[in-house]
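Enquirer: The sequence shown runs 107 to 382 under the working numbering. Glycine included, C-beta positions come from ideal geometry on N, C-alpha and C. Predicted, not measured: the structure shown is a model, and the values here were computed from it.
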Amino acid sequence: MNIALLAFDLDGTTITQHQYLPQENRLALEDAAAQGILLVPASGRMKDFLPLEITALPGVRYAITANGAGVYDLATGEAVWQRLIPNEKARQVQAVLEEYDLFVEYYSQGRATTRQGDPERAFTHFGLPESKRHFLDKDYCLVPALGGHLQESGLQPEKINLPYLPTPALRQEVWQRLEALGGLVLTSSIPDNIEVNAQGADKGSALRALAERLGIPREKVMALGDNGNDVTMLQYAGVSVAMGDGSPEAKAAARFLTAPHDQNGLAQAVRQYALS
């Protein structure tokens, strides 16, 4: 297949345990770049939390971040496309969240803002499991109160991230209340989180915008993903592949399935559909 752009999710697709890039995946991506294929990480992560071993790969110039709220030119650090949550809508979200005792992050301009003291209390107070420790390895902007910060700064976030909701019942309740606000897209990249974006901010829209900017038809775009926040990207791409251990909705959206992500599913798919 004549692929010109390869968009790939990170957690649960390209990297394992949220931090390791398997050698087989690295080699497959490097081989794709050597054939002139543009590599585009497409992640729920913010720009400044993208792993260096991903952004340093040959062929990586652009990145889709915060579930598609931003497309960044990594050579300049500038956003070339954005869909932000309006400040008023973000304040409505925060008003709901303040009724719960949750760890909350606001992504903006590639960085994360959270309440002062919360990262230190993430495990002891909010109950984040040890497996999520790497998610706190961020250069936070710390503020006394998120609601006050939104009002005073006029912040329009790329994404509002709830990294951990301790029970399915609580997650469902918060999800339904935020969904009822309207004008938002709610997704998950792991079963116990909620990620909030503006309407129109999704990986598929961002991938379309980048491909059109570069003059690449969708038939020459390949996308790989594993979860709900990858669905629109998988639906847009001419060649789409879901991981064998991906969510049911990701598998339904993809044209092809590959091996599980921790069995080098990405490498197998790249070699089969992009390099063959």
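Using the Cα positions of A162 and L284, report the straight-line distance between them to the nearest angstrom.
Expert: Roughly 37 Å between the two C-alpha positions.
Enquirer: At the level of alpha carbons, what is the spacing between A113 and G254?
Expert: So the alpha carbons of these two residues sit roughly 37 Å apart.
Enquirer: Would V327 pass as a contact of A359 if the rule is Cβ separation under 8 Å?
Expert: No, these two residues do not count as a Cβ contact at 8 Å.
Enquirer: According to DSSP, is D336 part of a helix, a strand, or is it coil?
Expert: Three-state DSSP puts D336 in a helix.
Enquirer: Have a look at D137 and L330 and give me their C-alpha separation to the nearest angstrom.
Expert: Cα to Cα, D137 sits roughly 16 Å from L330.
Enquirer: Take E204 as the anchor and find which of G233, P269, V280 has the nearest alpha-carbon.
Expert: Closest option to E204, Cα to Cα, is V280.
Enquirer: Indicate whether S149 and L158 have their beta-carbon atoms separated by less than 8 Å.
Expert: Against a cut-off of 8 Å, the Cβ pair of L158 and S149 comes out as no contact.
Enquirer: Give the single residue among G371, G334, H367 whose Cα lies nearest to the Cα of E355.
Expert: When each option's Cα is compared against that of E355, the closest is G334.
Enquirer: Under 8 Å, do H289 and Q305 count as touching if we go by C-beta distance?
Expert: For the sequence presented, residue 289 should be read as Gly rather than His. Their beta carbons are under 8 Å apart, which means G289 touches Q305 by this criterion.
Enquirer: If we ignore side chains and look at the alpha-carbon of each, how far apart do A251 and R189 end up?
Expert: Going from the Cα of A251 to the Cα of R189 covers about 24 Å.
Enquirer: Nearest to I109 by alpha carbon, out of H124, G142, D115, E236?
Expert: Of the listed residues, the one whose Cα sits closest to I109 is G142.
Enquirer: Over what stretch of residues does the alpha helix (DSSP H) that includes T161 continue unbroken?
Expert: Where T161 is concerned, the enclosing alpha helix (DSSP H) stretches over 158–161.
Enquirer: So Q262 is in the beta strand (DSSP E); what residue range does that whole segment cover?
Expert: Here Q262 belongs to no beta strand (DSSP E), and DSSP marks it neither H nor E.
Enquirer: Apart from the five residues just before and just after K82, which ones in its own chain have a Cβ nearer than 8 Å to its Cβ?
Expert: No answer is possible for residue 82: the residues shown for the chain start at 107 and end at 382.
Enquirer: Between A317 and the rest of its own chain, which residues show a CB-CB distance below 7 Å, the 5 nearest in sequence each way excluded?
Expert: Excluding sequence neighbours, A317 sits near L111, R324, V327.
Enquirer: Does the Cβ-Cβ distance between T219 and Y246 come in under 8 Å?
Expert: Going by C-beta atoms, T219 is nearer than 8 Å to Y246.
Enquirer: Quick check on the burial criterion: 16 or more other C-beta atoms within 10 angstroms. Buried or exposed for V202?
Expert: Exposed is the call here.
Enquirer: If you follow the beta strand (DSSP E) that R132 is in, where does it begin and where does it stop?
Expert: From DSSP, R132 is part of no beta strand (DSSP E) but of the alpha helix (DSSP H) over 129–140.
Enquirer: Is DSSP giving N370 helix, strand or coil here?
Expert: Three-state result, N370: coil.
Enquirer: So, using beta-carbon positions, are L313 and A343 closer together than 8 Å?
Expert: Contact: yes.
Enquirer: Just tell me which of Y270, G118, I266, M339 has its CA closest to the CA of Q215.
Expert: Checking every option, the nearest Cα to that of Q215 belongs to I266.
Enquirer: In the structure shown, what three-state DSSP assignment does E301 receive?
Expert: Note: E301 maps to strand in three-state DSSP.
Enquirer: What's the gap between the Cα of R167 and the Cα of R277?
Expert: Their Cα atoms are separated by approximately 36 Å.
Enquirer: Are the Cβ atoms of D332 and S353 separated by less than 8 Å?
Expert: Yes, these two residues count as a Cβ contact at 8 Å.
Enquirer: When you compare each of L268, R377, Q378 to V199 by their alpha carbons, which one comes out closest?
Expert: Here the closest residue by C-alpha is L268.
Enquirer: Once the 5 residues before and after L261 are set aside, which same chain residues still bring their CB inside 8 Å of it?
Expert: Counting only Cβ-Cβ distances below 8 Å, and skipping sequence neighbours, we find N193, A196, Y212, S214, T219, H255.
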